[in-house]
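Engineer: In our numbering, the protein residues as written are 1 to 187. Glycine is no exception: its CB is placed at the ideal position from the N, C-alpha and C atoms. Computed from a predicted structure; not experimentally measured.
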Amino acid sequence: MVAEGLDPNGPAWSVVPLNHARSVAVGLPLIADFRRHLRRTAEELPLTGAAYRLEPAVADGDETAALARGCATCRGWCCRRGGSHAFLDARSLARMLAMNPTLDVEDLEARYVAHIGSTHLRGGCLFQGERGCRLPRSLRSDTCNTWLCDDLDAARQRWRAGATDPADHHFVPMPRMAGGAPSIGGH
Ligand code: SF4
Ligand code: SF4
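1. Buried or exposed: which applies to L54, given that a residue is buried once 16 or more other Cβ atoms fall within 10 Å of its Cβ?
2. With a threshold of 6 Å, establish whether the CB of L152 neighbours any heavy atom of ligand 1.
3. Does the beta-carbon of Q157, which I'm using as the reference point, lie nearer than 6 Å to any heavy atom of ligand 2?
4. Short check: CB of G124 to CB of R156, under 7 Å?
5. On the three-state DSSP scale, how would you describe V26?
6. Less than 7 Å between the C-beta atoms of S84 and F34, yes or no?
7. I need the straight-line Cα distance from R40 to S118, nearest angstrom please.
8. Report the three-state DSSP secondary structure of A12 (helix, strand or coil).
9. Kindly examine ligand 1 and report whether one of its heavy atoms sits closer than 6 Å to the Cβ of W13.
10. Can you grab the Cα-Cα spacing for the pair A114 / G162, in whole Å?
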């Protein structure tokens, strides 16, 4: 769908959600919940076996940069669901321990806790800072490293079909209800 009033020959664009949440202090209960989640998840590790990837799958080049721009514009609408677990599952922990064989679970917990800031976006993941995720990619869950919302997925499909160029793509933030809203975009 092409919105009225926009130059059809102008740059390609599409919408992303907009997270309005403001920064609030990270409470001690949230941190305690995270520690509990990590330890509980670590107990599942023997069950996961060796079936993990050593590297999360990521897109490359202009696509990666464009996706990052979209998420920065959005301010992490989907990260609101990260709560005190940050989507960290046993598979993700297994990957991190495989990449850092000298670490044990306690070391990993200390590493995570060191990345918790004094603030996060209200109601969101405890690692969700004003400027985005406080975790380096290598410590993010497989879910966080691979997830694309419908809006970004639609934009990526257009890039991969050669319809538009990711390097020249603009994202327009659009507030929406919790259940989401139809995506619209320009050529
Ligand atoms: S994946 Fe989509 S909802 Fe999540 S932060 Fe990026 S643009 Fe926002
Ligand atoms: S760990 Fe980072 S990317 Fe994952 S939900 Fe939390 S803020 Fe978002």
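Structural biologist: According to the data block:
1. Low per-residue confidence applies at L54: pLDDT is 45, beneath 50, and the placement is therefore not dependable, though the value from the model is reported in the following sentence. Flag for L54 reads exposed.
2. yes
3. no
4. no
5. coil
6. yes
7. 24 Å
8. strand
9. no
10. 42 Å
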